[in-house]
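Notes follow once the structure below has been shown.
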Amino acid sequence: MESYRDVDVHSTETDSSDASSETDAEHNSSENSEDGDGYVVSSADQSSDDEDVAHNDDDEDAFEATTGDKFLRVDSMTVEEIRALEFVNVAEAYEFYYQYGKCKGFAIRKRDVRRRGPKGSEIIVMNEFVCNKHGSRNKKHLIRVDRKREHRRLTRTQCGARLRVLYKKNKDKYVVSLFEETHNHELTPAKYVHLHPVYRNLSESDRAQVDGLQSHGIRTCHIMGYMVAQKGGYTGVGFTKKDLYNYFDKKMRSAVKDGDVSAALNYLNVKSSTDPMLYAEYSVDGNGRMKTLFWADGTSRSDYFCFGDVVAFDTTYGKNKYNYPLVIFSGCNHHLQSVIFASALVSDETTETYKWLLNTFLECMNNQYPTGVVTDGDGAMREAIKQIFPDSTHRLCAWHLNKNAGENVKNVGFLRGFQKAMYSNFTVEEFEEFWSELLKETELESHPWVVKTYENRSLWATAYLREKFFGRIRTTSQCEAINAIIKNYVRKKGCIYEFMHNFEQALVGYRNNELVADFNSKFTDPVLSSHLHLLESHAAKTYTAAVFKEVKEQIMKVAALIVKERFTMGDTLIFILKKYCQTGFERQVAYDISTQSFQCSCRLFESRGLPCSHMFYVLKEESIDHIPASLILNRWTKDAKVGFLNMNSTGDLDSKMMEQARFGAYCSAFTTFCKEASKRNGVFGDVMGEIMKLHHKYCEAEDPIVPTEKTYVGDPMNVKSKGAPKKKKNAPKTTRHCGYCQSTIHDARNCPERLDSTDEEDFAVDSVSGNDSLSKIQKRCKKKARGDYGSRAKNKCSQTPQSETGQSGNVAKTRSSRQKKCSQKPQSETGQSVNVTTTRRPDIRTRQVSQMFRGQPMTPVGEPVIHPMPIVQPMYPMYGMPTGENSNHCFGVLQQVMKFGGQN
Numbered sequence: 001m002e003s004y005r006d007v008d009v010h011s012t013e014t015d016s017s018d019a020s021s022e023t024d025a026e027h028n029s030s031e032n033s034e035d036g037d038g039y040v041v042s043s044a045d046q047s048s049d050d051e052d053v054a055h056n057d058d059d060e061d062a063f064e065a066t067t068g069d070k071f072l073r074v075d076s077m078t079v080e081e082i083r084a085l086e087f088v089n090v091a092e093a094y095e096f097y098y099q100y101g102k103c104k105g106f107a108i109r110k111r112d113v114r115r116r117g118p119k120g121s122e123i124i125v126m127n128e129f130v131c132n133k134h135g136s137r138n139k140k141h142l143i144r145v146d147r148k149r150e151h152r153r154l155t156r157t158q159c160g161a162r163l164r165v166l167y168k169k170n171k172d173k174y175v176v177s178l179f180e181e182t183h184n185h186e187l188t189p190a191k192y193v194h195l196h197p198v199y200r201n202l203s204e205s206d207r208a209q210v211d212g213l214q215s216h217g218i219r220t221c222h223i224m225g226y227m228v229a230q231k232g233g234y235t236g237v238g239f240t241k242k243d244l245y246n247y248f249d250k251k252m253r254s255a256v257k258d259g260d261v262s263a264a265l266n267y268l269n270v271k272s273s274t275d276p277m278l279y280a281e282y283s284v285d286g287n288g289r290m291k292t293l294f295w296a297d298g299t300s301r302s303d304y305f306c307f308g309d310v311v312a313f314d315t316t317y318g319k320n321k322y323n324y325p326l327v328i329f330s331g332c333n334h335h336l337q338s339v340i341f342a343s344a345l346v347s348d349e350t351t352e353t354y355k356w357l358l359n360t361f362l363e364c365m366n367n368q369y370p371t372g373v374v375t376d377g378d379g380a381m382r383e384a385i386k387q388i389f390p391d392s393t394h395r396l397c398a399w400h401l402n403k404n405a406g407e408n409v410k411n412v413g414f415l416r417g418f419q420k421a422m423y424s425n426f427t428v429e430e431f432e433e434f435w436s437e438l439l440k441e442t443e444l445e446s447h448p449w450v451v452k453t454y455e456n457r458s459l460w461a462t463a464y465l466r467e468k469f470f471g472r473i474r475t476t477s478q479c480e481a482i483n484a485i486i487k488n489y490v491r492k493k494g495c496i497y498e499f500m501h502n503f504e505q506a507l508v509g510y511r512n513n514e515l516v517a518d519f520n521s522k523f524t525d526p527v528l529s530s531h532l533h534l535l536e537s538h539a540a541k542t543y544t545a546a547v548f549k550e551v552k553e554q555i556m557k558v559a560a561l562i563v564k565e566r567f568t569m570g571d572t573l574i575f576i577l578k579k580y581c582q583t584g585f586e587r588q589v590a591y592d593i594s595t596q597s598f599q600c601s602c603r604l605f606e607s608r609g610l611p612c613s614h615m616f617y618v619l620k621e622e623s624i625d626h627i628p629a630s631l632i633l634n635r636w637t638k639d640a641k642v643g644f645l646n647m648n649s650t651g652d653l654d655s656k657m658m659e660q661a662r663f664g665a666y667c668s669a670f671t672t673f674c675k676e677a678s679k680r681n682g683v684f685g686d687v688m689g690e691i692m693k694l695h696h697k698y699c700e701a702e703d704p705i706v707p708t709e710k711t712y713v714g715d716p717m718n719v720k721s722k723g724a725p726k727k728k729k730n731a732p733k734t735t736r737h738c739g740y741c742q743s744t745i746h747d748a749r750n751c752p753e754r755l756d757s758t759d760e761e762d763f764a765v766d767s768v769s770g771n772d773s774l775s776k777i778q779k780r781c782k783k784k785a786r787g788d789y790g791s792r793a794k795n796k797c798s799q800t801p802q803s804e805t806g807q808s809g810n811v812a813k814t815r816s817s818r819q820k821k822c823s824q825k826p827q828s829e830t831g832q833s834v835n836v837t838t839t840r841r842p843d844i845r846t847r848q849v850s851q852m853f854r855g856q857p858m859t860p861v862g863e864p865v866i867h868p869m870p871i872v873q874p875m876y877p878m879y880g881m882p883t884g885e886n887s888n889h890c891f892g893v894l895q896q897v898m899k900f901g902g903q904n
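Heads up: the sequence shown runs through residues 1 to 904, numbered per full-length UniProt numbering.
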């Protein structure tokens, strides 16, 4: 057995140098065949892996070879012409045989190579290329008993086709020393040639395309479909779907070769160089493995500083291969769009984990507490909020409450009333009165779920939350919407590094919606349609397009309002309003003339931050042509972010928070400026001069930042998240056992012990269920009458049961060659006959006589109870069936069969 070293061929300045260099790169990167990532270059005597050398086939038309000054087509060359070929280097020889094999319909591989010369300057003096079916698989791989995988199909047939080239020093070229054309196997037809591994490869252009598509969330199967359509079919693609999956998998494994978590932390570290406001923190367990990971980029933090008065956070599952739940902190911006404040991966959903998460969130946001928090009602989450956000108002998700109500209370009237109690703008007294009447009507005063939900009414009833600001957030549905978008970019079994990269891509597209909404709000104007033209025009200039629609609805409702009473208390005007032709509706508005402040009993401004129709009516009555500043909440205006960054930091806001917000805005502006300025020639000196002037004018020297020492964090272990576990596709099936003897050879229907017990006890049970229809019962009785119960039923006879004394009654016994077994009605311990009723598929164990009739009849749980009754008068009033010997219905026929032995 001859040893060898892997081929190391360097390209030269020839027409085939590009292809050969790509071939060698693929060859040298595919030494490990066990991983299945590439192909192996080996001797047939030393390797049993049927894999070939990958090749870069960028030029499909390169089917020409040169001999002297003469060009020849590879597919039309004769044996003599091939043996007369000369090559500048080994790569050119391999390229020729590669194209020759592709034309003829067989795959090739490199078999043997010999080198000479001093170490470091060796030259190849011989190289041999063979058909991929050359040699045979080593027998030691076929007789192994400790294999974990199935044998791969055999592909080698000891084919002798080959091409060998030798180096001629006097010519400084490689000449053909041996060429065998004959194969001992059938050549591959043209439509299958592209499926040979050696002819499958992703070119550089293909890699650029598929990488770009995958980075934007396109699934691998869809990428393959796109490439097939682009190149006119699977034959022209040059690779298979499996190759594409392997390419992405190999690329991802190379990115996380130092550890998944280490790659993710390095990704955040690199990202922080372009986003100085990025914040990230993680924790590890006792084994040094990652337990939690929290991060928020500069845009998310800026959004929280502007719109972080209300936060909704929820967990979602199945976003990474470790089953770590993803927690998303989200809110609502000035376009009524969902914005992401921060994200986290947690190992569990305990109170301690949520406490760590909320504390980290506060530290990231400079201890700015939200005024309201919306969650799905998880117990651990609720306890953590109570401890970390003691002054924040906690609200339960309305959608989850409705879902839980439907699952726990099966009362349509209550469900409708529950929604009204949850959403209606009641006062506390009105809510209590409505709830009491609702429970009386539905008679659910003592229902455990209703009682428990009522105890937590301050977390979900609008009557208790109408004076707390929640914007338009009443559910965590916006978190669900974000999860639906992320789902298009994230794989369920992806690593954390891949998840963070794809998550960033999802955010980029999601945040572009805000840019589009900004454009529509600032550069388009709405159509004014109300008679309060001045107020509507001022609202259109102030609010964003989405918020203006809601404000306009309130302006349009002014026409239906009527003043019921008006009086003055000092500097305050009190208006009592009612609706046109609607009794029982009253709203009271207080208007302070000196401060131009308003307060309405509907509490819309306190809960939504928008002026209500009652306030607009007062503005109309007082002839005010604009919306007072006291009624304009800055978070709903077009300049919500700009106004926030221009605010002085001497007020109630944290100066450090303002500093970081401005820092992020400056970095974003300078990044764009520097990118454009670097493209211009001759302006570098002017640009740097202006930057230095700004630096001397506004900046002061600061202490240098000392980088922290890099620490290693281990990858997490798989955890079990909430919900039922999914069944594995290839999971081994559980072994089924017989219900009588627990044997694995047969089932209960064919158990010999059960058949023997049936013969010994001379017993049979007719299965008649109350769930069976009348037609099924009659059909079954007809089968019984003609002895058509299957092969076993045909071999049965019938006889009447014996009385207490053991004497038999008047029985007409008949036996034939086909009737070897008998059946009888079972008897109770007292000797009375028992009519047994079971379901259509009774538990096999209940059919044992020793268990069923010991003391009291036994039935499986959920089956009808067995009641003893006389056989002479079987009564089934639920079907209205007459009984007796002359009856044609079920039990009449059944009695006749039992009495006359099936002769009728």
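Just so you know, even glycine gets a beta-carbon here, dropped at the ideal spot from N, CA and C.
Since we're looking at a predicted model, the values are computed, not measured.
Sequence-distant residues of its chain with Cβ nearer than 6 Å to residue i (five each side left out)
i    : result
V490 : K319, F499 and N502
Y698 : none
Y279 : A296 and C364
L163 : Y97, F129 and F179
DSSP state of residue i mapped onto helix, strand, coil
i           : result
K641        : helix
G331        : strand
F364        : Per the sequence presented here, residue 364 reads as Cys, with Phe not at that position. C364 falls in the helix class under three-state DSSP.
R557        : First, the amino acid is wrong: residue 557 is Lys here, not Arg. Reduced to three states, the DSSP call for K557 is helix.
E86         : strand
Y666        : helix
F499        : helix
Q742        : coil
R466        : coil
A461        : coil
residue 965 : The question about residue 965 has no answer, for the chain in this structure spans 1 to 904.
T583        : strand
Q588        : strand
V374        : strand
T393        : strand
G714        : strand
residue 914 : An answer regarding residue 914 cannot be provided, because it is not within the stretch 1 to 904 covered by the chain.
I632        : coil
N795        : For N795, the predicted model reports a pLDDT of 43, less than 50, meaning its position is unreliable and no value from the coordinates is stated.
Cβ shell of residue i (< 7 Å), same chain only, five flanking positions each side left out
i    : result
Q596 : P628 and S630
Y510 : I485
A380 : E349, T350, T351 and Y354
R376 : Inspection of the sequence shows that residue 376 is occupied by Asp rather than by Arg. Result list for D376: D314, C397, H400 and T476, in chain order.
Presumed contact (8 Å Cβ cut-off) between residue i and residue j, rounded CB distance
i    : j    : result
F248 : R200 : About 15 Å separates the two Cβ atoms, so there is no contact after all.
S347 : Y317 : Not a contact, Cβ separation roughly 13 Å.
R156 : S136 : 5 Å
V558 : L532 : 7 Å
Which residues DSSP lists as bridging residue i, in chain order
i    : result
M126 : R114 and L166
Y543 : T637
D314 : I328
V346 : T292
L573 : T568 and Y591
F179 : L163
F598 : Y591
Own chain residues within Cβ distance below 8 Å of residue i, not counting five before or after
i    : result
S817 : Model confidence at S817 stands at a pLDDT of 40, short of 50, so the residue's coordinates are unreliable; what they give is reported in the following sentence. Excluding positions up to five away in sequence, the list is empty.
Runs of beta strand (DSSP E) lying entirely within the segment 135-177, each at least 3 residues, in chain order: 162-168
Within the segment 211-292, ranges of the alpha helix (DSSP H) (whole runs, at least 4 residues): 220-231, 234-237, 241-255 and 260-274
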